[in-house]
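Heads up, the thing below is written out as structure tokens.
In UniProt numbering, the protein residues as written are 1 to 305.
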């Protein structure tokens with residue numbers, strides 16, 4: 001409208017509220033590290049007038065169990081955390097991840113590899129005879145195989161024969177397609193990286209985006225989920241800092257929006273190691289059973305009451 005003031009325009013077109021999410025996997029019971037991340041997201045949503053979502057990342061059918069999912073709801077409710085309904089469960093959205101894979105396949109950016117984990121380990125050992133083989137930020141060796149060289153007919157023959165396979169992102173082709181990328185970091189990386197961070201997906205090699213028996217991966221499903229749920233603020237542990245490079249690359253390739261990221265400190269055990277779901281001493285169920293209160297959990301993880 002002509003003559004409208006900036007104040008009037010901001011009222012006519014208010015900014016949507018920020019959207020936060022907590023996305024645990026039901027493959028074990030939650031511990032103090034999960035409590036810190038969940039509370040940090042929940043507190044941030046309340047303080048900013050935003051929304052808080054809960055997502056269940058249950059694509060690992062071998063390890064995810066209904067009792068662990070039920071315990072997630074119980075533990076979060078005990079902490080005083082409330083979330084919007086319905087909860088998104090990844091196992092109910094496999095077709096959406098399949099659509100994303102098909103888009104990448106149509107662009108010639110993914111290929112199947114057929115080596116088993118044991119065969120890959122053998123290939124790495126052979127290549128390390130001369131010099132150390134490169135590894136990704138998590139310490140796993142980069143894919144050493146030659147599946148990209150197989151012809152389309154040979155790939156089709158192996159798949160038709162029922163050979164197990166993993167669908168990998170052709171990292172070199174993907175990086176060339178996407179060009180230089182960055183992300184906005186409101187937290188800090190392992191070496192203090194913050195602000196505008198340059199994306200370095202090549203350090204991950206040809207990452208797996210799906211397997212024959214599991215039609216998606218963490219990397220693929222997390223970017224699809226965040227986009228479909230309208231997540232604007234990704235607040236998660238610092239151990240996932242460099243995974244953001246892969247996520248930004250996939251967002252660019254699939255035309256998905258870019259959230260703002262905040263990677264927070266990790267809650268460590270007495271030996272200075274990242275907490276594990278197998279560490280009963282820090283499990284929320286065990287702490288609750290011993291008489292610990294939700295306010296004590298906040299104090300233990302360094303959050304205000």
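Idealized CB from N, CA, C, for every residue including glycine.
(request) Could you tell me whether the Cβ atoms of residue 209 and residue 32 are closer together than 8 Å? (result) no
(message) Would residue 287 and residue 274 qualify as a contact pair, given that the criterion is a beta-carbon distance under 8 Å?
(response) no
(message) Given a cut-off of 8 Å on the beta-carbon distance, is the pair residue 169 and residue 207 in contact?
(response) yes
(request) Output the distance between the C-alpha atoms of residue 179 and residue 200, rounded to the nearest integer angstrom. (result) 11 Å
(request) Measure the C-alpha to C-alpha separation of residue 64 and residue 124 and round it to an integer number of angstroms. (result) 30 Å
(message) Between 48, 43 and 52, which has its C-alpha nearest residue 230's C-alpha?
(response) 52
(message) For a quick check, are the C-beta atoms of residue 19 and residue 55 less than 8 Å apart?
(response) no
(request) Output the distance between the C-alpha atoms of residue 204 and residue 74, rounded to the nearest integer angstrom. (result) 36 Å
(request) Evaluate residue 117 with the Cβ neighbour count: other Cβ atoms within 10 Å of its Cβ, from every protein chain shown; 16 or more gives buried, anything less gives exposed. (result) exposed
(message) So, with DSSP's three-state summary, where would you put residue 183?
(response) strand
(request) Identify the continuous alpha helix (DSSP H) that holds residue 240 and give its terminal residues. (result) Note, residue 240: premise wrong, no alpha helix (DSSP H); not H, not E.
(message) On the CB-based measure, 16 or more other CB atoms within 10 Å of its CB, does residue 317 come out buried or exposed?
(response) Nothing can be reported for residue 317, as the shown portion of the chain is limited to 1 through 305.
(request) Go ahead and label residue 5 buried or exposed: buried means 16 or more other beta carbons lie within 10 angstroms of its beta carbon, across all protein chains shown. (result) Confidence is the limiting factor: at residue 5 the pLDDT is only 49, short of 50, which leaves the residue's position unreliable, though a coordinate-based value still follows. Flag for residue 5 reads exposed.
(message) Restricting to runs no shorter than 4 residues, where is the alpha helix (DSSP H) found entirely within the region 110-177?
(response) 117-127 and 152-160
(request) Could you check the C-alpha separation between residue 189 and residue 195 for me, to the nearest Å? (result) 10 Å
(request) Report the partner residues of residue 252 according to the DSSP bridge assignment. (result) In the DSSP output, where bridge partners are listed per residue, residue 252 has none listed.
(request) Could you please give the first and the last residue of the uninterrupted beta strand (DSSP E) stretch that includes residue 65? (result) Run containing residue 65: none; DSSP gives neither H nor E here.
(request) Kindly give me the distance between the Cβ atoms of residue 227 and residue 181, rounded to whole angstroms, as I take these residues to be in contact under 8 Å. (result) That pair is no contact at about 16 Å.
(request) State the Cα-Cα distance for the pair residue 106 and residue 303, rounded to the nearest angstrom. (result) 47 Å
(request) Return yes when the Cβ of residue 110 is within less than 8 Å of the Cβ of residue 167, no when it is not. (result) yes
(message) Just verifying my parser: in three-state terms, what is the DSSP assignment at residue 297?
(response) helix
(request) Select from 295, 187, 299 and 285 the residue whose C-alpha is nearest the C-alpha of residue 261. (result) 187
(message) Helix, strand or coil for residue 79? Go by DSSP, reduced to three states.
(response) coil
(request) Figure out for me which residue from 27, 162, 299 and 59 has the closest Cα to the Cα of residue 218. (result) 59
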